[in-house]
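Chemist: The following block contains the structure, expressed as structure tokens.
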Amino acid sequence: MASLLEQQNADPGVDDITQPGVSPPVIAPGYDFGQVTDKIGNVVLTKRTPWSWVIGFLIAFGIMNILMLAVGYLFIKGTGIWGINIPVGWGFAIINFVWWIGIGHAGTLISAILLLFKQSWRTSINRFAEAMTLFAVMCAGMFPLIHTGRPWLAAYWLLPYPNTMSLWPQFRSPLIWDVFAVSTYLTVSLLFWYTGLIPDVASLRDKAKNGFAKFFYGILSMGWRGSARHWHRYEYAYILLAGLSTPLVLSVHTVVSWDFAVSVIPGWHTTIFPPYFVAGAIYSGFAMVLTLAIPIREAYNMKDFITDRHLNNMAKVMLATGLIVGYGYMTEAFFGWFSANKYESFMILNRMTGPYAPTYWALIFCNIITPQFLWFKKVRSNVPILFIISLIVNVGMWLERFVIVITSLHRDFLPSSWGLYHPTVWDWATYVGTLGLFTTLLFLFIRVLPMISIFEVRALLPQSKVTVE
Amino acid sequence: MAVHETHAAPRTVTPEQLTPPWVVDHLRKRWMGIAGLATILSFALYLYYSGTFEGRQQFFRAYLVGYIFCFGLMLGSTALLMLQHVTGGKWGLVLRRQLEAGTRTLPIVVLLFIPIIFGMQYLYPWAGSMPLDIHGQHALNVRADYLNAKWFVGRAAIYFVIWGIFIYLLNKWSLKQDVLPESPEAYNDLRLRFMRLGGGGLVVYAVTVSLAAIDWVMTLDPVWYSTIWGMLYMAGQALSTMAFMLVVLTLLAKYEPMKSLLRKTELHDNGKLLLAFVMLYAYLSFSQFIIIWSGNLPEEITWYLARTQHGWKPVMLLLVVIHFVIPFLLLLNRDLKKNPTRLRNVAILILFARVGEIFWQVNPNFKETSGITGHFNPNIMDMVLPIALAAIWITAFFYQLKKRPLLPAYHHLVPEILEPSHGAH
Numbered sequence: 020m021a022s023l024l025e026q027q028n029a030d031p032g033v034d035d036i037t038q039p040g041v042s043p044p045v046i047a048p049g050y051d052f053g054q055v056t057d058k059i060g061n062v063v064l065t066k067r068t069p070w071s072w073v074i075g076f077l078i079a080f081g082i083m084n085i086l087m088l089a090v091g092y093l094f095i096k097g098t099g100i101w102g103i104n105i106p107v108g109w110g111f112a113i114i115n116f117v118w119w120i121g122i123g124h125a126g127t128l129i130s131a132i133l134l135l136f137k138q139s140w141r142t143s144i145n146r147f148a149e150a151m152t153l154f155a156v157m158c159a160g161m162f163p164l165i166h167t168g169r170p171w172l173a174a175y176w177l178l179p180y181p182n183t184m185s186l187w188p189q190f191r192s193p194l195i196w197d198v199f200a201v202s203t204y205l206t207v208s209l210l211f212w213y214t215g216l217i218p219d220v221a222s223l224r225d226k227a228k229n230g231f232a233k234f235f236y237g238i239l240s241m242g243w244r245g246s247a248r249h250w251h252r253y254e255y256a257y258i259l260l261a262g263l264s265t266p267l268v269l270s271v272h273t274v275v276s277w278d279f280a281v282s283v284i285p286g287w288h289t290t291i292f293p294p295y296f297v298a299g300a301i302y303s304g305f306a307m308v309l310t311l312a313i314p315i316r317e318a319y320n321m322k323d324f325i326t327d328r329h330l331n332n333m334a335k336v337m338l339a340t341g342l343i344v345g346y347g348y349m350t351e352a353f354f355g356w357f358s359a360n361k362y363e364s365f366m367i368l369n370r371m372t373g374p375y376a377p378t379y380w381a382l383i384f385c386n387i388i389t390p391q392f393l394w395f396k397k398v399r400s401n402v403p404i405l406f407i408i409s410l411i412v413n414v415g416m417w418l419e420r421f422v423i424v425i426t427s428l429h430r431d432f433l434p435s436s437w438g439l440y441h442p443t444v445w446d447w448a449t450y451v452g453t454l455g456l457f458t459t460l461l462f463l464f465i466r467v468l469p470m471i472s473i474f475e476v477r478a479l480l481p482q483s484k485v486t487v488e
Numbered sequence: 005m006a007v008h009e010t011h012a013a014p015r016t017v018t019p020e021q022l023t024p025p026w027v028v029d030h031l032r033k034r035w036m037g038i039a040g041l042a043t044i045l046s047f048a049l050y051l052y053y054s055g056t057f058e059g060r061q062q063f064f065r066a067y068l069v070g071y072i073f074c075f076g077l078m079l080g081s082t083a084l085l086m087l088q089h090v091t092g093g094k095w096g097l098v099l100r101r102q103l104e105a106g107t108r109t110l111p112i113v114v115l116l117f118i119p120i121i122f123g124m125q126y127l128y129p130w131a132g133s134m135p136l137d138i139h140g141q142h143a144l145n146v147r148a149d150y151l152n153a154k155w156f157v158g159r160a161a162i163y164f165v166i167w168g169i170f171i172y173l174l175n176k177w178s179l180k181q182d183v184l185p186e187s188p189e190a191y192n193d194l195r196l197r198f199m200r201l202g203g204g205g206l207v208v209y210a211v212t213v214s215l216a217a218i219d220w221v222m223t224l225d226p227v228w229y230s231t232i233w234g235m236l237y238m239a240g241q242a243l244s245t246m247a248f249m250l251v252v253l254t255l256l257a258k259y260e261p262m263k264s265l266l267r268k269t270e271l272h273d274n275g276k277l278l279l280a281f282v283m284l285y286a287y288l289s290f291s292q293f294i295i296i297w298s299g300n301l302p303e304e305i306t307w308y309l310a311r312t313q314h315g316w317k318p319v320m321l322l323l324v325v326i327h328f329v330i331p332f333l334l335l336l337n338r339d340l341k342k343n344p345t346r347l348r349n350v351a352i353l354i355l356f357a358r359v360g361e362i363f364w365q366v367n368p369n370f371k372e373t374s375g376i377t378g379h380f381n382p383n384i385m386d387m388v389l390p391i392a393l394a395a396i397w398i399t400a401f402f403y404q405l406k407k408r409p410l411l412p413a414y415h416h417l418v419p420e421i422l423e424p425s426h427g428a429h
């Protein structure tokens, strides 16, 4: 079992090579172990909550209450308050579900796959990327529950719950696989995140002055003493969880793509969907990590830990996955004609020129044209522009799901059953509300838990580089 | 670049010390012999069978299987080489010169394409005289401006020229790393150029290989289409190439200079990549299957029906086992990935499975004129022709491998490779 320490000392792989001979450090120079702990730990242990945090939290909390209203009204009235109809039976609920669950994938990729790939730069961003994953999966998980309109009955519809009425879900439907895929994903992500937190929480316990904080972090740290045996077991567990999480990066969004692809609807039934959805998920996830990392490192002055090199590398991942997504669009367009199937070609023409054409072209602009700027190092190292690009990609990936869901459904094989879909104010309220929920959870996380892995950053310092011969 | 501060003196090596061992030339001669024999036998078989349309068709079917396999090795080498330039890392450095030798077989791969031009009418419904049903006829009418003999050759020429440009530059620039760089700036400049070429090249590769895979294999069926086909070919080529390169690498590791240069770390990393490609291919292939199976549409499911009926079912099940189950289970083992002999055995199995997979993709398309369905009915040519083509390709590969030192001696990661492996954890 390769030790974590050794992996972090390994070659960083993707170097910045424009400065001859020197690669920019993952962590800014001039820190010792204690300073790292203080800098990250003090954000949590300080008695003074910054005003900016309070204001930000209140705004997010306010937005979250829109969700409460929207869902409350939904439970009273039913899904009739939404814009869904026949033929567009799947509307915002599935769009938002796929969007949120996709965002989660970047956290798992950063924490698990980049660890296995020995990419040590991941260390400063994995903690809050994993938190982002958890909160995004929570937001995603809301939609399958509330889209039933009567979630207290959803146990029968979503889970194979043994009951006297012999009601079982359809096991051959990917929708039921989705329930398992997403709940596995949430469980493993939570375990992985928590396992990684234990040594840091123990540091906070030891540093905390406040009795309640001591107690709170004491419980969370599960008796961690930092002995060699603890570390040995910790590393073993962490690598195993990383191995378990890795297939989840692929499996969850693959199953999500099957929700669509196993049907026979043109625009949904296409074999490229699994890899294309996975790439899109990672793409949107990295956009979201950038959207969060850039303001956070500014607000908490963490630029020494989340360096420009991190942003640069994340931008490269975004470019690569964006290109795969672009390949997917091109394939769809090519096969729209090549298939020689009039429904397929109508579907793609309808996307490009039909009533929802503006959303299609906006999505092409957001997801294919915009990321091309990331080829240039000047753009990748320009933080404000990077922030704007990440926002555009977030919007683009939401539009992608809108286009896939709505344009495929609203005009199917029979012109007599064609229709249009218009989201209502409740659709928007629910969607915007989940943004509030997500941000609220993030604000709470930043306040009570270390947003950057303290002990892993310490292992990145030059002082901890030892040669193992 | 990561420089270990603890180095007493940087370890270096000269290109002369990296000369390929005698065994490379020995293997080239061996494979040339096999290629000669198999080619003569192929000609003889062609003369024997060419009396009938089915006989000639049988010949070109077998030829196409062998060709797609060799072409995959050549283009897969190009893709992995560019991937290595983009991502960096020591795994690719030890394979680098082998991959470059693989890319330089391009002229042979182009030459070997010529028989396909002559055999087009026996292979492709759009070029030939095969009877078509109404759906097939409709599909070919729609695609007529794209799928015709003139454009088929034209597009192939365009692909080869594009790949040729990338291959030429990749090999030309690589030679510069065999001489001491003038300055760190010049070296980094070269690295950056490699990175850009690789990044842009991979984008071009993805598009061209998809179109080529559609042209050369997918259109064997007049109607069927699958949007994942291009990615399936990318993963398949990466898998074939990785398996082949590992066979050669573990062989070279028996002799100096690689004997003392190849560490367990890099072997293990490459073994992991092989496992990743095994899983990637299985993932894409299974995705295609489950989507088509559950959609159950007449224009799609027929492709799988032809490949699971009339004697093809055992072939398909065997492929599931040797293309995925066995390599997957074996490669999970850490010790196996560090053991050159055992890793080589798995890689050889994968290479056979790859040929089998292509055979299974190509052959059920052909219906016997006597019946309506394509039975599993292997011919002696199905064995001889792939062997002949593979042997020709391997001969060309070893011929190219001999030409250059086995590592770019002045690559910045070479000092790290020269350092002894950190224990065999």
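Note that the protein sequences, when read in sequence, are chains A and B. First residue of the first sequence: 20, per our numbering; consecutive thereafter. First residue of the second sequence: 5, per our numbering; consecutive thereafter. We put the beta carbon where it would ideally sit given N, CA and C, even for glycine. It should be emphasised that the depicted structure is a prediction, and the values quoted were computed from it without experimental measurement.
Since Glu351 (chain A) meets chain B, which of its residues come closer than 9 Å, beta carbon to beta carbon?
Modeler: The contacting residues are Thr231.
Chemist: Under 7 Å Cβ-Cβ, which residues of chain A neighbour Arg147 (chain B)?
Modeler: What Arg147 (chain B) touches in chain A: Phe357, Ala359.
Chemist: When we look at the beta-carbon of Gly375 (chain B) and count the other beta-carbons within 10 Å, is it buried (16 or more) or exposed?
Modeler: Here Gly375 (chain B) scores only 49 on pLDDT, less than 50, and its place in the model is too uncertain to base an answer on.
Chemist: Using DSSP with H/G/I as helix, E/B as strand and the rest coil, what is Lys406 (chain B)?
Modeler: If DSSP states are grouped into helix, strand and coil, Lys406 (chain B) belongs with coil.
Chemist: Using a Cβ-Cβ cutoff of less than 6 Å, which residues in the same chain neighbour Gly355 (chain A) once the five nearest sequence positions on both sides are dropped?
Modeler: Cβ within range, chain order: Glu363, Ser364, Ile367.
Chemist: Between the stretch 235 to 254 of chain A and the stretch 214 to 224 of chain A, do at least 3 Cβ pairs fall closer than 8 Å?
Modeler: Short answer: they touch.
Chemist: By Cβ distance, which residues of its chain are closer than 7 Å to Thr265 (chain A), with the 5 residues on each side in sequence left out?
Modeler: These residues qualify, in order along the chain: Ala131, Ile132, Leu135.
Chemist: What residue does the alpha helix (DSSP H) around Ile425 (chain A) start on, and which one ends it?
Modeler: Note, Ile425 (chain A): premise wrong, no alpha helix (DSSP H); not H, not E.
Chemist: Report, in whole angstroms, the separation of the C-beta atoms of Ala79 (chain A) and Thr378 (chain A), which I expect to be a contact under 8 Å.
Modeler: Wrong, their Cβ atoms sit about 27 Å apart, outside the cutoff.
Chemist: Would you call the CB atoms of Pro469 (chain A) and Gly60 (chain A) closer than 8 Å?
Modeler: Going by C-beta atoms, Pro469 (chain A) is nearer than 8 Å to Gly60 (chain A).
Chemist: Select from the stretch 280 to 314 of chain A all residues with a C-beta closer than 9 Å to any C-beta belonging to chain B, and list them in chain order.
Modeler: Listed in sequence order: Ala280, Val281, Ser282, Val283, His288, Thr289, Thr290, Ile291, Phe292, Pro293, Pro294, Tyr295.
Chemist: Is there a Cβ of chain A sitting closer than 8 Å to that of Gln292 (chain B), yes or no?
Modeler: Yes, because at least one Cβ of chain A sits closer than 8 Å to the Cβ of Gln292 (chain B).
Chemist: Does DSSP put Met470 (chain A) in a helix, in a strand, or in coil?
Modeler: Reduced to three states, the DSSP call for Met470 (chain A) is coil.
Chemist: Indicate the three-state DSSP secondary structure (helix, strand or coil) for Ser54 (chain B) in the structure shown.
Modeler: Residue state, collapsed to three classes: coil.
Chemist: Three or more beta-carbon pairs under 8 Å between the stretch 355 to 369 of chain B and the stretch 217 to 228 of chain B, yes or no?
Modeler: In short, these stretches touch, since the Cβ pair count reaches three.
Chemist: Between the Cα of Ala395 (chain B) and those of B:Pro19, B:Gly40, B:Gln241, B:Val27, spot the shortest distance and give me the residue it belongs to.
Modeler: Closest option to Ala395 (chain B), Cα to Cα, is B:Gly40.
Chemist: Taking a Cβ distance cut-off of 8 Å, strictly less, list which residues of the stretch 365 to 394 of chain A are near chain B, in chain order.
Modeler: So the list reads Trp394, given in the order they occur along the chain.
Chemist: For a test of the three-state rule: what should DSSP assign to Asn367 (chain B), helix, strand or coil?
Modeler: Helix at Asn367 (chain B).
Chemist: Is Met78 (chain B) buried or exposed, if buried means 16 or more other CB atoms sit within 10 Å of its CB?
Modeler: By the 10 Å Cβ count, Met78 (chain B) comes out buried.
Chemist: List the residues of chain A that Ile296 (chain B) touches, going by C-beta distances under 8 Å, in chain order.
Modeler: Those within 8 Å of Ile296 (chain B) in chain A are Thr290.
Chemist: Output, in chain order, the set of chain A residues within a Cβ distance shorter than 8 Å of Leu288 (chain B).
Modeler: Correct list: Pro293, Pro294.
Chemist: Between B:Leu255, B:Ile121, B:Lys342, which lies nearest to Gly275 (chain B) when the distance is taken from Cα to Cα?
Modeler: Per the Cα distances, B:Lys342.
Chemist: So what's Lys137 (chain A) in DSSP terms, helix, strand or just coil?
Modeler: DSSP places Lys137 (chain A) in coil when its eight states are reduced to three.
Chemist: Val388 (chain B) and Leu45 (chain B) look like a contact to me (Cβ under 8 Å); what is the Cβ gap, rounded to whole Å?
Modeler: Contact flag correct, Cβ pair sits at about 5 Å.
Chemist: Taking all protein chains shown into account, do 16 or more other C-beta atoms lie within 10 angstroms of the C-beta of Glu189 (chain B), making it buried, or fewer, making it exposed?
Modeler: Result: exposed.
Chemist: Note down the Cα distance separating His451 (chain B) from Leu334 (chain B), rounded to an integer number of angstroms.
Modeler: Missing from the structure shown is residue 451 (chain B); chain B here goes from 5 to 429 and no further.
Chemist: What's the call for Gly55 (chain B), buried or exposed, on a 16-neighbour Cβ count within 10 Å?
Modeler: Gly55 (chain B) should be labelled exposed.
Chemist: Look at the Cβ atom of Thr214 (chain A), then the Cβ atom of Ala155 (chain A), and state whether they are nearer than 8 Å.
Modeler: In this structure, Ala155 (chain A) does not lie closer than 8 Å to Thr214 (chain A) by Cβ.
Chemist: Sorted by chain position, which residues of the same chain lie with C-beta nearer than 7 Å to Asn413 (chain A)'s C-beta, five sequence neighbours on each side aside?
Modeler: Within the same chain, Asn413 (chain A) has close Cβ partners Ser303, Ala306, Met307, Thr310.
Chemist: If the criterion is Cβ atoms closer than 8 Å, does the pair Val422 (chain A) and Ile82 (chain A) meet it?
Modeler: Not in contact: Val422 (chain A) and Ile82 (chain A) (Cβ atoms no closer than 8 Å).
Chemist: With a 10 Å radius around its C-beta and 16 neighbouring C-beta atoms as the bar for buried, classify Ala478 (chain A) as buried or exposed.
Modeler: It is buried - the Cβ of Ala478 (chain A) has at least 16 other Cβ atoms within 10 Å.
Chemist: Quick check: the stretch 245 to 254 of chain B against the stretch 318 to 325 of chain B, are there 3 or more CB pairs under 8 Å?
Modeler: Verdict: no, contact absent.
Chemist: Quick one: give me the first and last residue of the alpha helix (DSSP H) that Lys335 (chain A) is part of.
Modeler: It spans 327 to 357 - the alpha helix (DSSP H) in which Lys335 (chain A) sits, taken as one unbroken run.
Chemist: Which of the residues in the stretch 299 to 322 of chain B, read from start to end, lie with their CB under 9 Å from any CB of chain A?
Modeler: Answer in chain order: Gly299, Asn300, Leu301, Glu303, Glu304.
Chemist: From Ala150 (chain A) to Ser289 (chain B), what does the alpha carbon distance come to, in whole angstroms?
Modeler: About 33 Å.
Chemist: Report the neighbours of Thr273 (chain A) on chain B: residues whose CB is nearer than 8 Å to its CB, in chain order.
Modeler: The answer, in chain order, is Tyr287, Ser291.
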